[in-house]
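Right, one structure below, let's go through it.
Number of protein chains: 2
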Amino acid sequence: MSRYSDAEIAALYRVIRERRDMRHFLPTPIDPEMLNRLLHAAHCAPSVGLMQPWRFVRVTDRALRQQIHQLVEDERIQTAAALNERSDAFMKLKVEGILECGELIVAALMEQREQHIFGRRTLPEMDLASVAGAIQNLWLAARAEGIGMGWVSLFDPVALATLLNMPTGSKPVAILCIGHVKQFYSAPMLELEGWAKGRPLEELLFHNSWGNTMTESST
Amino acid sequence: MSRYSDAEIAALYRVIRERRDMRHFLPTPIDPEMLNRLLHAAHCAPSVGLMQPWRFVRVTDRALRQQIHQLVEDERIQTAAALNERSDAFMKLKVEGILECGELIVAALMEQREQHIFGRRTLPEMDLASVAGAIQNLWLAARAEGIGMGWVSLFDPVALATLLNMPTGSKPVAILCIGHVKQFYSAPMLELEGWAKGRPLEELLFHNSWGNTMTESST
Numbered sequence: 011m012s013r014y015s016d017a018e019i020a021a022l023y024r025v026i027r028e029r030r031d032m033r034h035f036l037p038t039p040i041d042p043e044m045l046n047r048l049l050h051a052a053h054c055a056p057s058v059g060l061m062q063p064w065r066f067v068r069v070t071d072r073a074l075r076q077q078i079h080q081l082v083e084d085e086r087i088q089t090a091a092a093l094n095e096r097s098d099a100f101m102k103l104k105v106e107g108i109l110e111c112g113e114l115i116v117a118a119l120m121e122q123r124e125q126h127i128f129g130r131r132t133l134p135e136m137d138l139a140s141v142a143g144a145i146q147n148l149w150l151a152a153r154a155e156g157i158g159m160g161w162v163s164l165f166d167p168v169a170l171a172t173l174l175n176m177p178t179g180s181k182p183v184a185i186l187c188i189g190h191v192k193q194f195y196s197a198p199m200l201e202l203e204g205w206a207k208g209r210p211l212e213e214l215l216f217h218n219s220w221g222n223t224m225t226e227s228s229t
Numbered sequence: 011m012s013r014y015s016d017a018e019i020a021a022l023y024r025v026i027r028e029r030r031d032m033r034h035f036l037p038t039p040i041d042p043e044m045l046n047r048l049l050h051a052a053h054c055a056p057s058v059g060l061m062q063p064w065r066f067v068r069v070t071d072r073a074l075r076q077q078i079h080q081l082v083e084d085e086r087i088q089t090a091a092a093l094n095e096r097s098d099a100f101m102k103l104k105v106e107g108i109l110e111c112g113e114l115i116v117a118a119l120m121e122q123r124e125q126h127i128f129g130r131r132t133l134p135e136m137d138l139a140s141v142a143g144a145i146q147n148l149w150l151a152a153r154a155e156g157i158g159m160g161w162v163s164l165f166d167p168v169a170l171a172t173l174l175n176m177p178t179g180s181k182p183v184a185i186l187c188i189g190h191v192k193q194f195y196s197a198p199m200l201e202l203e204g205w206a207k208g209r210p211l212e213e214l215l216f217h218n219s220w221g222n223t224m225t226e227s228s229t
């Protein structure tokens, strides 16, 4: 069957709605078989020219996890400084759960990507788009399994690459905190905290020309 | 409930496995309500600092669709030339279904992104990651609804931005072909066509240090 059942379709839309970028975790370990399922879901992602540019580093070494946490803490302070008048509000936000989460995975772009031209001659950044699709797969699968995930991008990529012995040309793009949670946020945490407010889709959808939010039937 | 039912979880993993990057479409129109659901699924995506950097341009003008097709055709020839010895094989591949698909949507990065520092001070490209997550949501929702989607990145972004009257600082990143299909590919089309072969996850998953594919239990 090409179309899924109504119940299956409803489940998919529900998980898309209920997925959250989590920062609060319980320390309960993640079942290794579940982690395997989540990573395989990521690996099912589309990739430009089938290059599969994603690489994952599973961090089980406790000292390494502490070092990664310190990198993020350093960048958190740098980001706060760059935010000027919003600096204090930013410093009050919880932006990561690196030390608490059950599993820590660094997602990265592979090295030697310049060899892949298909779909990337004018848009070389499509490799990152592929990695992001893989991470979104993992995120949705985790949510359905009742597991939280947070994507942390507050770090110096060169420093993190050094910590993980990454080769020239590769680049870390996400520190993924994966873990059990007490509860999922009812809305994006940055909305609940009053940091930002999402805009309705209708303002971001144009018709034939940028900025044209009016459909023909609504004119 | 935090964890979804077994049947719901199974449906999600199935749609993640069965999603395909489609290039073959039937001209049957897409129900506008379904298109609305798909775009709302995209809009549920996570975004760095809740910046929601995605913009969508729905192309209903037939002449505009033809112009976009020509842009892709131009880039297809440029890409073939850049592929040297694989040029002939590349030219035989069907790389887009722009003229056949029921709906054509251009996904783009918004303008004035430099104002958003949260999570982007060291990794400004996180805006693209957010857009890619939105597109992956749309892709999965379409597959569950029995609708195919293809992400075309063979175009000159400046030329496409000009066609769509996009402001300075914005950037198109995807031409999304959305439509009914006769059938979904049983595997990625580039594998079926012998262009490339996917690698197993195990080769791309490292432990604590890049290149370390051995787990402790397997040593």
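Here the protein sequences come in this chain order: A and B.
Counting in our numbering, the first sequence tops out at residue 229, every number present.
Counting in our numbering, the second sequence tops out at residue 229, every number present.
Glycine included, C-beta positions come from ideal geometry on N, C-alpha and C.
query	result
Excluding the 5 residues flanking Thr229(B) on each side, which residues of the same chain have their C-beta closer than 6 Å to its C-beta?	Note on Thr229(B): pLDDT 40, under 50, position unreliable in the model; no value is reported.
Pull up the distance between the alpha-carbon of Thr89(B) and that of Gln80(B), whole angstroms please.	14 Å
Using the beta-carbon of each residue, which ones in chain B are nearer than 9 Å to Val67(A)?	Leu215, Phe216, His217, Asn218, Ser219, Trp220, Asn222
So the beta strand (DSSP E) Glu18(A) belongs to, where does it begin and stop?	Not the beta strand (DSSP E): Glu18(A) falls in the alpha helix (DSSP H), residues 16-28.
Determine the chain B residues that contact Leu97(A) at a beta-carbon separation under 7 Å, and present them in chain order.	For clarity, residue 97(A) is Ser in the given sequence; the question names Leu instead. None at all; the shortest Cβ gap to chain B is about 11 Å.
Would you say Thr229(B) lies against chain A (beta-carbon separation less than 8 Å)?	Since pLDDT at Thr229(B) reaches only 40, below the 50 mark, its modelled position is unreliable, and the value read off the structure follows with that caveat. Chain A contact via Cβ: absent.
From this set, Asp31(A), Thr70(A), Val25(A), which residue's C-alpha is nearest Pro39(A)'s C-alpha?	Thr70(A)
Counting Cβ pairs, one atom from each stretch, are 3 or more of them under 8 Å apart for the stretch 180-192 of chain A and the stretch 119-136 of chain A?	yes
Buried or exposed: Met224(B), going by 16 or more other Cβ atoms within 10 Å of its Cβ?	exposed
Which same chain residues end up closer than 7 Å to Phe216(B) when comparing Cβ atoms and leaving out the 5 residues on each side of it in sequence?	Asn222, Thr223
Hey, which unbroken runs of the beta strand (DSSP E) at 3 residues or more fall wholly within the stretch 128-168 of chain B?	158-162
With DSSP collapsed to three states, give me the class of Gly102(B).	In the sequence as presented, Gly is not what sits at residue 102(B); that position holds Lys. Three-state DSSP puts Lys102(B) in a helix.
Is it right to say Asn175(B) is buried, meaning 16 or more other beta carbons lie within 10 angstroms of its own, or is it exposed?	exposed
With a cut-off of 8 Å on the beta carbons, I'd call Cys187(A) and Phe35(A) a contact; round off their distance for me.	6 Å
Closer than 7 Å by C-beta to Trp161(B): which residues in its own chain qualify, once you throw out the five before and the five after it? Chain order, please.	Asp31, Ile145, Ala184, Leu186
Give me the subset of the stretch 123-143 of chain A whose CB atoms are less than 9 Å from a CB atom of chain B, sorted by chain position.	Ile127, Phe128, Gly129, Arg130, Arg131, Thr132, Leu133, Glu135, Met136, Leu138, Ala139, Ser140, Val141, Ala142, Gly143
Determine the extent of the alpha helix (DSSP H) in which Val82(A) is found, giving its start and end residues.	72-92
Name the residue from His190(A), Gly208(A), Glu110(A) whose alpha carbon lies nearest to the alpha carbon of Asp41(A).	His190(A)
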